[in-house]
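Residue numbers (the working numbering): 178 to 596.
The beta-carbon is built from N, C-alpha and C at its ideal position, and this holds for glycine as well.
Please read the structure below before turning to the comments.
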Ligand code: PLP
């Protein structure tokens with residue numbers, strides 16, 4: 178089964194914006210003996226608002242190496258993500274992005290308290306207050322949306338903040354192709370007396386390399402995953418202004434979780450260092466150039482792009498309302514047809530969709546293919562395959578032909594170290 182998955186990854190195009198290939202160093206850390214160790218607690222103590230790094234805050238013994246490791250991961254997280262490591266705090270223990278977001282709400286809200294988040298139908302994440310998620314079931318989540326141009330409606334957010342007096346505003350998205358104005362959102366939150374949380378899971382690599390505005394110092398808290406654009410292990414990370422650190426730590430452990438996954442923390446420390454390199458900065462720039470090239474190519478071929486463009490790593494196609502014979506039944510069906518051709522993408526809702534299982538959109542992203550070294554020329558080639566796989570979606574022979582062509586190209590771009 179493991180070999181079969183490696184072969185699948187080596188021979189198909191990973192265009193899901195939240196996926197990537199981690200380095201062999203990251204993968205070896207995940208398999209290291211840190212996986213055997215329990216380390217409940219933290220490798221420091223909070224005393225009068227200061228982290229005392231000399232004191233051991235673990236519940237179990239045998240922590241010499243876990244303490245050194247977690248301190249290193251925190252130090253690197255602060256260096257990578259904050260403008261001033263002395264003024265911020267990092268918690269590297271969240272098991273993934275969803276627990277990180279839940280921990281933030283648990284830290285500052287009581288059940289029933291109000292917060293604002295972007296609606297799932299408009300590109301927000303489940304944990305930003307969707308009713309089927311704990312965040313929507315336990316708190317009073319008020320959703321904001323996008324305007325008719327598929328842009329964040331900052332005026333509406335300000336209105337909602339005035340009307341509902343939320344304790345917290347979450348910004349950030351899962352399927353938003355445009356830049357986010359953190360400064361403006363910071364002003365809105367301040368005016369409302371709310372904390373601003375920026376969930377940068379999708380764009381973290383762009384923020385730390387200057388290819389997207391940075392959420393700090395406008396946000397009070399930043400959450401991210403480390404396995405998407407950051408190319409690390411599957412995990413979550415919370416960064417916050419230092420004075421919020423004790424509440425965040427308390428909410429993660431013991432509030433929400435037990436022992437941290439120390440093998441994952443080891444892999445995070447490696448991914449943070451990798452992301453500090455000049456090579457990573459170039460990589461992030463190429464992600465954006467690749468997304469722009471793919472978006473323009475598909476648009477020229479008649480695909481309808483939500484927002485009309487991309488300013489980050491992803492594009493959202495409305496494949497039901499596209500032109501030039503590219504309109505398809507729905508994103509669910511088309512994503513299965515594309516898979517037959519070796520194009521791996523995910524269906525996505527677009528505003529106005531009534532059936533979430535059969536949405537009108539497909540979401541595409543460039544982080545993974547850029548890791549493999551693909552550039553603008555390959556994006557145009559991928560665009561051509563997408564057009565053919567859409568026009569020929571009913572034609573098994575055409576899809577099989579595309580699958581073979583993609584597998585041949587992937588032989589040039591899938592170095593063994595990744596999969
Ligand atoms: N936040 C955003 C914006 C996301 O897109 C995602 C996942 O796609 C998450 C949080 C949750 O991450 P995880 O799947 O690791 O729980």
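Legend entry - Contact set for residue 544: own chain, Cβ-Cβ below 7 Å, skip 5 residues either direction: In the chain shown, the residue the question calls residue 544 occupies position 367. These residues qualify, in order along the chain: 194, 197, 405, 406, 464, 490.
Inset, instruction - Could you name the residues of the same chain whose beta carbon sits closer than 8 Å to that of residue 316, not counting the 5 residues immediately before and after it, in chain order? - result: Stepping through the chain shown from its first residue, residue 316 is reached at position 139. Within the same chain, residue 316 has close Cβ partners 282, 286, 288, 289, 290, 291, 292, 306.
Legend entry - Delimiting residues of the alpha helix (DSSP H) encompassing residue 589: Position 412 of the chain shown, counting from 1, holds the residue named residue 589. Segment 573–590, the alpha helix (DSSP H) holding residue 589.
Inset, instruction - Compare the beta carbon distance of residue 183 and residue 519 with 8 Å and say whether it is the shorter of the two. - result: Residue 183 sits at position 6 when you count from the first residue of the chain shown. Residue 519 sits at position 342 when you count from the first residue of the chain shown. Judged by beta-carbon spacing, residue 519 lies beyond the 8 Å limit of residue 183, meaning their Cβ atoms are not closer than that value.
Legend entry - Distance, residue 382 Cα to residue 477 Cα: Here residue 477 corresponds to residue number 300 of the chain shown, with the count starting at 1. Here residue 382 corresponds to residue number 205 of the chain shown, with the count starting at 1. If you take the alpha carbons of residue 477 and residue 382, they lie about 28 Å apart.
Legend entry - For residue 243 and residue 231, the rounded distance between their alpha carbons: Numbered from its first residue, the chain shown carries residue 231 at position 54. Numbered from its first residue, the chain shown carries residue 243 at position 66. So the two alpha carbons sit approximately 14 Å from each other.
Legend entry - Distance cut-off 7 Å: residue 350 Cβ against heavy atoms of ligand 1: Translated into the one-based positions of the chain shown, residue 350 becomes position 173. Flag set: Cβ of residue 350 near ligand 1.
Legend entry - Test: residue 384 CB closer than 8 Å to a CB of chain D: Absence of chain D from the displayed structure is noted, only one protein chain being present.
Inset, instruction - Please find out if some non-hydrogen atom of ligand 1 comes closer than 7 Å to the beta-carbon of residue 376. - result: Here the question's residue 376 lines up with position 199 in the chain shown. For ligand 1, at least one heavy atom lies less than 7 Å from the Cβ of residue 376.
Legend entry - Simplified DSSP state of residue 370, which is helix, strand or coil: For this step, residue 370 is matched to residue 193 along the chain shown. Correct three-state label for residue 370: coil.
Inset, instruction - With distances taken Cα to Cα, identify the nearest neighbour of residue 204 among 523, 372, 444. - result: In the chain shown, residue 204 corresponds to position 27, counting from 1. Comparing Cα-Cα distances from residue 204 to each of 523, 372, 444, the minimum goes to 444.
Inset, instruction - Measure the C-alpha to C-alpha separation of residue 567 and residue 505 and round it to an integer number of angstroms. - result: As a first step, residue 567 must be located in the chain shown, where it is residue number 390. As a first step, residue 505 must be located in the chain shown, where it is residue number 328. Taking the straight line joining both Cα atoms gives about 7 Å.
Legend entry - residue 386 Cβ short of 7 Å to ligand 1 heavy atom set: Within the chain shown, numbered from 1, the residue matching residue 386 stands at position 209. No - ligand 1 has no heavy atom lying nearer than 7 Å to the Cβ of residue 386.
Legend entry - Cβ shell of residue 500 (< 6 Å), same chain only, five flanking positions each side left out: By one-based count along the chain shown, residue 500 stands at place 323. Take residue 500, set aside five residues on each side of it, and the residues of its chain with a beta-carbon closer than 6 Å to its own are 479, in chain order.
Inset, instruction - Indicate the three-state DSSP secondary structure (helix, strand or coil) for residue 235 in the structure shown. - result: For the purposes of this step, residue 235 is identified with residue 58 of the chain shown, where counting begins at 1. Here residue 235 sits in strand by DSSP.
Legend entry - Closer than 7 Å: residue 197 CB and nearest ligand 1 heavy atom: Reading the chain shown from its first residue, position 20 is the one you call residue 197. For residue 197, the Cβ stays outside the 7 Å cut-off from all heavy atoms of ligand 1.
Inset, instruction - Inspect the beta-carbon positions of residue 385 and residue 452 and report whether they are closer than 8 Å. - result: Locating residue 385 in the chain shown gives position 208, counting from the first residue. Locating residue 452 in the chain shown gives position 275, counting from the first residue. It is a contact, given that the beta carbons lie within the stated cut-off.
Legend entry - Reference residue 368, options 377, 532, 346, closest by Cα: Looking up residue 368 in the chain shown gives position 191. The candidate whose alpha carbon is nearest that of residue 368 is 346.
Legend entry - Any non-hydrogen atom of ligand 1 within 7 Å of residue 413 CB: Within the chain shown, the letter at position 236 stands for residue 413. It does: the Cβ of residue 413 is within 7 Å (strictly closer) of some heavy atom of ligand 1.
Legend entry - Bridge partners - residue 520, DSSP secondary structure assignment: Along the chain shown, read from residue 1 onward, the residue named residue 520 stands at position 343. 190.
Inset, instruction - Could you tell me whether the segment 527–535 touches the segment 550–558, where touching means 3 or more Cβ pairs closer than 8 Å? - result: no
Inset, instruction - Would you list, in sequence order, the uninterrupted alpha helix (DSSP H) runs of no fewer than 4 residues that lie entirely inside the segment 329–358? - result: 331–341
Legend entry - the segment 418–428 contacting the segment 214–230, beta-carbon criterion three pairs below 8 Å: A contact is defined here as three or more CB-CB pairs under 8 Å, and the segment 418–428 meets this definition with respect to the segment 214–230.
Legend entry - Extent of the continuous beta strand (DSSP E) run through residue 418: Position 241 of the chain shown holds residue 418. First-last of the beta strand (DSSP E) with residue 418: 413–418.
Inset, instruction - Could you check what DSSP says for residue 526 in three-state terms: helix, strand or coil? - result: To locate residue 526, count along the chain shown from 1; it is residue 349. It is coil, neither helix nor strand.
Inset, instruction - Check whether the Cβ atoms of residue 462 and residue 354 sit closer than 8 Å, and answer yes or no. - result: Numbered from 1 along the chain shown, position 285 holds the residue referred to as residue 462. Numbered from 1 along the chain shown, position 177 holds the residue referred to as residue 354. Not closer than 8 Å, so no.
Inset, instruction - Could you tell me whether the Cβ atoms of residue 528 and residue 323 are closer together than 8 Å? - result: Residue 528 sits at position 351 when you count from the first residue of the chain shown. Residue 323 sits at position 146 when you count from the first residue of the chain shown. Yes; because the gap between Cβ atoms is below 8 Å, this pair is in contact.
Inset, instruction - Name, in chain order, the residues that DSSP records as bridge partners for residue 398. - result: Along the chain shown, one-based indexing puts residue 398 at 221. In DSSP, residue 398 forms a bridge with 374, 417.
Legend entry - Spatially closest choice to residue 387 from 279, 259, 277, 469, by CA coordinates: Translated into the one-based positions of the chain shown, residue 387 becomes position 210. Nearest option by C-alpha distance: 259.
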